[in-house]
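Numbering that gives the first Met the number 0 numbers the first residue of the first sequence as 0 and each following residue consecutively. The structure under discussion appears below in the form of structure tokens.
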Amino acid sequence: MKSGVENSKQIRRVGAEFFDRDPRRVSPDLLGKLLVRRQGRKRLIGRIVEVEAYLGTGDLAAHAAAGRTARNDVLFGPPGHAYVYFIYGNHYCLNISCLRDGMPGCILIRALEPVGDIEEMARARRVSAQSAGDLRKLTSGPGRLAQAFGITRERDNGKNLTNSASDLFVAEDGFHPRRVSITKRVGITKAAEMPLRYVIAGNEFVSHG
DNA sequence: ATATCGATTATCT
DNA sequence: GATAATCGATATG
């Protein structure tokens, strides 16, 4: 089922208090929200349909599990900031920090349903936006959505997404998913059994199955 | 449809 | 030196 945003509908930026909670609470609330990138006159928008929570302390799969380093520094800062890392020599992945004060939790954005500007996303991804199959290829997967939105460590890491000046932010338009499914996280070897992946049930833009 | 594999580099041991 | 929160291509059923 699709869930596009109507042109008439107003969207509102999500504030820092939203992210100042346990990532397991934030995650389901993040589903159905919009990720927005302002690029000059254009605006890229995708609806968040899949995320994973990383808890920091006690979560061996979390980048922050072994303590503070140059790479994961933003996770130890205030909530609502972008943590962008580079992986497999190829891909950037976008996380949003949660909680403040030594609880370095975050949420990995894993898949979006493209809302607009589709042409711009397709250009960034270097694929044609003609078929439905290609539409899925735009933003289904953390590396894909980062490429579609032009997200890089250099450009976005450490950015405060809740600041009104930020060109990258999360917004809400009143949409709420009918049902949320919770599963094991994807692509990790440590702490792989924990049920910390949240998806909008039945949404076709969720990665994998 | 699922399975396997190569790419390519920042980061950490 | 090994690893990694992935992707796209190729092979096979």
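Backbone N, C-alpha and C define an ideal beta-carbon position, used for all residues, glycine too.
query, result
"Any non-hydrogen atom of the ligand HEM closer than 7 Å to G201 Cβ", "Although the ligand HEM was asked about, the structure shown includes no ligands whatsoever."
"For E192, three-class secondary structure by DSSP", "coil"
"K158 versus G39: straight-line alpha-carbon distance, rounded", "18 Å"
"T138, DSSP secondary structure in three states", "helix"
"Where F174 falls: helix, strand or coil (DSSP)", "coil"
"Sequence-distant residues of the same chain with beta carbon closer than 6 Å to A190, five excluded per side", "D58, L59, A60"
"F148 - partner residues in DSSP beta bridges", "Partner(s): none; F148 has no beta bridge."
"Beta-carbon spacing of I106, V25 below 8 Å", "yes"
"Residue nearest to E16 in terms of C-alpha spacing, selected from D166, N162, R178", "N162"
"Rounded distance between the beta-carbons of I44 and E171, thought under 8 Å", "Not a contact, Cβ separation roughly 12 Å."
"Close Cβ partners of L154 (< 7 Å) along its chain, the five nearest in sequence each way excluded", "The sequence given here places Arg at residue 154; Leu does not occur at that position. Result list for R154: empty, nothing under 7 Å."
"As assigned by DSSP and simplified to three states, the class of I187", "coil"
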